[in-house]
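Quick notes on the structure that follows.
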Amino acid sequence: STEHSRQWPDSLLVEKPVKNGPFIPFFFKPGPLARIVIPMALSHRADFGSNQAVGLKDQNDPAKGKKRLIVEFSSPNIAKPFHAGHLRSTIIGGFLANIH
Numbered sequence: 001s002t003e004h005s006r007q008w009p010d011s012l013l014v015e016k017p018v019k020n021g022p023f024i025p026f027f028f029k030p031g032p033l034a035r036i037v038i039p040m041a042l043s044h045r046a047d048f049g050s051n052q053a054v055g056l057k058d059q060n061d062p063a064k065g066k067k068r069l070i071v072e073f074s075s076p077n078i079a080k081p082f083h084a085g086h087l088r089s090t091i092i093g094g095f096l097a098n099i100h
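If you're matching positions, the sequence shown starts at 1 in UniProt numbering and goes up one per residue.
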């Protein structure tokens, strides 16, 4: 962990991480990130953030197009305390939804 922090390569976009207990958080440098993202968002307009490459295709007949995939994840009961188990499934579900 401390060794990983020291070995982190210098980057124009990402700050050097500093070990914080068992975690190694890292942060984007706001200036360079804004100089990259804002022009990209403006040039792509409504398509910014979408990914046309994702989706599952029928391997036997790719011409059929993409299939729909439903990912269900965390929907905690608001009448009960939110706990780490809810957060874990929310994060996993979010990643799976973004992949597909």
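All C-beta atoms, glycine included, are put in the ideal place defined by N, C-alpha and C.
Please check the pair residue i and residue j, which I expect to be a contact at CB under 8 Å, by giving their CB distance rounded to whole angstroms.
{"i": "I24", "j": "P17", "result": "5 Å"}
Let's see if you can read the secondary structure: which residues bound the alpha helix (DSSP H) around residue i?
{"i": "E15", "result": "E15 -> no alpha helix (DSSP H), and no H or E assigned at all."}
{"i": "H4", "result": "2-7"}
{"i": "R35", "result": "30-44"}
Beta-carbon within less than 6 Å of residue i's beta-carbon, same chain only, minus the 5 sequence neighbours each way: which residues are those?
{"i": "A2", "result": "Residue identity differs from the one stated: residue 2 is Thr in this sequence, not Ala. Counting only Cβ-Cβ distances below 6 Å, and skipping sequence neighbours, we find K19."}
{"i": "D58", "result": "K64"}
- Query: Does the count of Cβ pairs from the segment 43-50 and the segment 20-32 closer than 8 Å reach three?
  - Reply: no
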